[in-house]
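Residue numbers (the working numbering), protein chains in the order written: chain A, 1350 to 1633; chain B, 299 to 1114. Cβ coordinates follow ideal geometry from the N, Cα and C atoms, glycine included. Below is one structure, written out as structure tokens, with a few remarks after it.
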Amino acid sequence: MKIMTTFFVSVMAVCGFSASALVPNFTTPHRIDISGEVYHPVLSPDGSTLLFSSADHTGLNSLDLATGKISVIDKSAAAGFEPTFSHDGSKIYYRTAVKVNGLMNRDVRCFDVKSSTMTEIAKPNRDSRALKGIDRQTYAATDFDHINVSVDGKLSSLDPVAGAHTYQWASISPDGTRILFSEPFKGVFVCNLDGTDLKPVMPKGDYPCWIDDSTVAAVVSHDDGYIVLDSAVVLVDLASGATATATTPDCLVGELTASPANRSIIFTTVEGELYQINPTNTER
Amino acid sequence: MKRSLTLLVLALVGGLSSVWAVKMSDLKIYINPGHGGYTSNDRPIQLYPFAQNDTAGYWESTSNLYKGLHMYHILDSLGAQAKLSRIKNTEADDRSLGSISKEANDWGSDLFFSIHSNAGEGVNYLLMLYREEPMGTPRYPENLTLSNIVAQNLQSNEMSNWTRKPQVAGDVTFYYPGWGTAGLGVLRNLYVVGLLSEGGMHEHRPQAYRLMNDDYWWLEAWHFVKSIMEFYNTEDRFVTGNVAGVVYDDHNLRSMDIPNPTFTMHGRDKLAPVCGAVVELVDATGKVVQKRTTDNMFNGVFVLRNVAPGDYTLRIGNDKYYTVEQPVTVTANEVTYCNTPLNMKREFPLEITVKGPVTGEDGLVSCSSPIELEFNTDIDEQSLEEAFSITPPVAGYWKYADNNHSAKYIPEVSLEPDVTYTVNIAGTARTPDKTYSHPQLMEPVNFSFTTRNRSRLDVTEYYPADQGAVHFAAPTLEVRFDKTIKPTGIQNLITITDTENNKVNLNSRACQYNKLGNGFGNAVLALQGNLKVGEKYTFKLSGDLRDTESLPMGEDLQFEFYANDVTDQPEAPVIETFDVPTVLVGNLEASKGLTVKPTAIKSTNPKLFGTGAVKMSYSFADTHDGEAMWDYSVAEPQPLETGDHVGLYVNGDFSNHELWIGVTAGTDTKWHRVCALTFRGWEYHEVVLDDLEAGYVYNVDRMKIVQVESPITQKGAIVVDDMLYRDGAAGGVGDIIADGAGNVNIYPIPASDVINVEGVDSGIAKMELVNVAGAVVAEVSGGSIINVSSIESGVYLLRITACDGKSTVSRVVVSR
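Have a look at this one:
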């Protein structure tokens, strides 16, 4: 089912610009003004479509960034929790949550973008594995205390950080040579596909993602154990280690997604506003 | 659309009820021990014996972690799956809140527990916070259900001393508007049912000590798991029970172990927990099935965990305390609480080691003295109070200190002066030991003492006088005493009210106390803001005020006064503004009894007119016969002739000295007394130059302060502002003869019906009320009261002629 929703986009500058030499350059963040709050953004591989959800992940919607058209993909509970595109962007895989015998169960669904049809490909179950491997030969996905890496269909399990407690947000670089991930107690890292050549990127960071082969971004936040005190989008040049903060202190960043295909960055605020940043330096 | 979304949410979380056969092994529980590491966000509490921020002391990040670890292991023992957001307590463990909720979602958790404790010193209660979406509505109804169950279970913990019922609240509502509308960061992105539990107040020190105890952590975790069982109505429950409690001294206070505990304590928490108490659970065969020794963290907490249901004997004691045995029944899935007071061993008779009030070198004691007693151990209060008697009787109360090793009988007011008292303590006074055969005194104790002859703090003088007047602008009052006072809390003993009972506040920062020296006390009381001109005020100082010897005033001081506007004078030329201070120069050579030159400097506060006034400071070397002299000179002095008037605005220092002004023609100087400095703040005084030589022109050329003998006011300062001139030849008020003699008391000012006059020693021959045009508008002969009820409101001069022929003129105000 696909519901067409009217949409308008307005652009406004709310966050300042702070960058210095030898660090990634980027445009001033611009607000994408759509009706309602936006949470849990996921960009399509080509950067043209944004998936998003409600604060508690209920429902899954898509936003065509070129036209501003919003489509409702699924209204189910938890449908918006980490949906993933197929390698060519033609399909969207996601889970919904239901209680079975009072316990959390999740199915697996496939949404065909072209036909706007949904297919249930797994009945509700207690499996919590990531969906990235459904139709990809090469991917990286975290499984708590290790990272599952598939290279041309050959699966391996990595534990690249000594003493790691858990891994989160693993992804492979656009050139397919490096893995970016977070170990929430130790920081954000990159490593080779076999786990070697481990390099720290930043001491803390959530939602790390590739901008291009040499630039990554993440959300760096601080809290008092209860609420987020400050939160910013930070870009890192992997070669030099130079960093740039793309947002100003008055902007409490929530989540982050990026598409290396068109090098666009989308982030939300904790209050559910949506912003876009475009790096301006050419890919190296 | 909103309605359908709501239904879907209900479908997600709804139906968690007893109809399903859920087992603990089916569950996936995510545990988030809040905070992590040892920074200020990890909530350290300074707790004896640890220094602030000592990592061995109390940190919320530590207690949260151990509760979480216990919860993990209990769940694991029941076959449930549990995952912890952290398993250590280092700075690296302070992971982002977003990554925690993501992990709980990733894992497909059934429930989410974020474990915390709360800030708050004087109270101790539970707070359960759940996610709201939108504000005012639980994101899932089960958030509220779970929160209520957890709150109820944690509240059942009788080891804690809860000061109120638990609070259950949505996160956005609870923190709005101070923290905006984002709510709790760790709950915001959850799509599973969960809560953040604030398990008591760690700033409440007795609770903080409990939160240092492993058994306490374990029992809170056990209650979390029990709550999960009740939430899901699981098939399996705990097949064992627990015995828990706090062991504490039945008599000694917490200060026995903790030096000067200034933190808040309620109920049983005031008593000293017993460290190192041996707690044994004994079965019917006499076998000790479980044993604990309470820790050394001043909490007395014990939990005998996972005990098979049945009847047992609980045995508690140690070398310092008598052993207590009590039957207990252990029930599966429950906690049996046995908070147990222990009686300390004091296996010797009571002795009084120190007795009586402190005696001075004169062999006498102050009338404020308490009867002080010290003992060889702590005293049983009731037995002491029953055994104590004093002759003659003194009403008083008991105060105990040093954990009842000392006691004071404090007179409610004071002892009587010049009295010999006899104290008797009967042999029935005893220690609190309930087992030893002879805890009493070996024999009665008697002693006597005699008091000195001073039993009260006396008020020596105060300003303004009863029915007197003060200038309305931010006035200052003063009360003087025969001894230095204890000013602490004095503002609570003072009330100043107007006729409608509106309270006038003191400007506490501007008030000063005990500035007189020589052992005398005073209270200089600056009022907050201005008074209302013409209004009557009542000043009251409670007789509870005590001096530094703790002797009370005994009786209240109360007087009434009025507010006037001292600048409301008949118009007259200003012949000196005192804006420039150099017109007055101290003259040490011409002074008497001074070793330091008197000074004259500019004063901008206080001042009445223009850009400034002149502050004239002096310091007499002795208590009497001094004169502080200032020369006055200006380029073009006002010529003065006999009968002229000179008026001066004076800000007095309540020194009781006298201000004089000198006028000179050639070598002939005539001195005129301007006023006695018996006031604080501004007054206007006028002198009549009635003794100048006819045909000569005089000028003001000097001023002096003549010392009036006093042990307390050798140093002082007054401020003078505009000097006015009235031409005596022009008539008007200038024709009134006055010599300014005597300290005549005229009241009330302003007056509405009558004006009373007191203090004319030779008696009053005649009184005349003169208006600004010089006309007599009222007069009376032979009386001390003049009726002004039919006189128009305004400023008048009251001319009083005494029976000895002397006369005085005073400014009065009629107002109604």
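Check, Outcome
"Residues bridged to B/K1002 (per DSSP)", "B/M927, B/W958"
"Residues of the stretch 421-435 of chain B with Cβ closer than 8 Å to any Cβ of chain A, in chain order", "R429, E431"
"Inter-stretch contact at 8 Å, needing at least 3 Cβ pairs: the stretch 1552-1571 of chain A / the stretch 1494-1507 of chain A", "no"
"Proximal residues, the stretch 546-575 of chain B versus chain A, C-beta separation under 7 Å", "none"
"Cβ-based neighbour list, B/I1044, same chain, cut-off 6 Å, excluding 5 preceding and 5 following", "V1055, S1108"
"Three-way DSSP call (helix, strand, coil) for B/D340 in this model", "helix"
"Under 8 Å by beta carbon: chain A residues contacting B/W405", "S1477, F1493"
"Interface partners of B/H333 on chain A, CB under 8 Å", "G1574"
"Below-8 Å beta-carbon distance, A/F1401 vs any chain B residue", "no"
"Contacts that B/S917 makes with chain A (C-beta to C-beta distance below 8 Å)", "None at all; the shortest Cβ gap to chain A is about 58 Å."
"The stretch 620-636 of chain B in contact with the stretch 604-611 of chain B per 3-pair CB rule at 8 Å", "yes"
"is_contact[B/L240, chain A] using C-beta, thresh 8 Å", "Residue 240 of chain B is absent from the structure shown; chain B starts at 299 and stops at 1114."
"Supposed close pair A/Y1556, A/V1568 - CB separation, criterion 8 Å", "5 Å"
"Interface flag, A/T1355 vs chain B, CB-CB below 8 Å", "Because the pLDDT at A/T1355 is just 26, under 50, the model does not fix this residue reliably, and the point stays unresolved."
"Touch test, the stretch 837-855 of chain B against the stretch 775-782 of chain B, Cβ-Cβ under 8 Å, three pairs minimum", "yes"
"Range covered by the alpha helix (DSSP H) that runs through B/T443", "439-453"
"Cutoff 8 Å: B/W357 Cβ touching any chain A Cβ", "no"
"Bounding residues of the beta strand (DSSP E) (the contiguous stretch that carries B/S882)", "At residue 882 of chain B the sequence reads Leu, which differs from the Ser that was named. B/L882 -> beta strand (DSSP E) spans 882-884."
"Rounded C-alpha distance that separates A/S1464 from A/S1439", "10 Å"
"Helix, strand or coil at B/T1099 [DSSP, three-state]", "strand"
"Residues that B/A268 contacts on chain A, provided the C-beta gap is smaller than 7 Å", "Since the first residue shown for chain B is 299 and the last is 1114, residue 268 of chain B is missing from the structure and cannot be characterised."
"The stretch 927-939 of chain B / the stretch 735-745 of chain B touching (three or more Cβ pairs under 8 Å)", "no"
"Beta-carbon contacts of A/D1484 that lie in its chain and below 6 Å, excluding the five residues immediately before and after", "S1435"
"Whether B/S359 touches B/G335 by CB criterion (8 Å)", "yes"
"A/A1595 - DSSP class collapsed to helix/strand/coil", "coil"
"Chain A contact for B/N903 (CB, 8 Å cutoff)", "no"
"B/L755 beta carbon less than 8 Å from that of B/P668", "no"
"Euclidean distance between Cα positions of B/W520 and A/S1402", "36 Å"
"Top-ranked residue by Cα proximity to A/E1469, from A/R1444, A/F1375, A/N1627", "A/R1444"
"A/P1523 Cβ short of 7 Å to the ligand SAH heavy atom set", "What this structure holds is no ligand at all, so the ligand SAH is not there to describe."
"B/N558 to B/W477 span [Cα, whole Å]", "36 Å"
"Burial state of B/N594, where buried means 16 or more other Cβ atoms lie within 10 Å", "exposed"
"A/I1614 burial status per 10 Å Cβ neighbour count (16 or more: buried)", "buried"
"Three CB pairs or more closer than 8 Å across the stretch 891-901 of chain B and the stretch 786-801 of chain B", "no"
"Residue closest to B/E833, alpha-carbon to alpha-carbon, out of B/L886, B/N812, B/Q765, B/I708", "B/Q765"
"Any chain A beta carbon closer than 8 Å to B/G366", "no"
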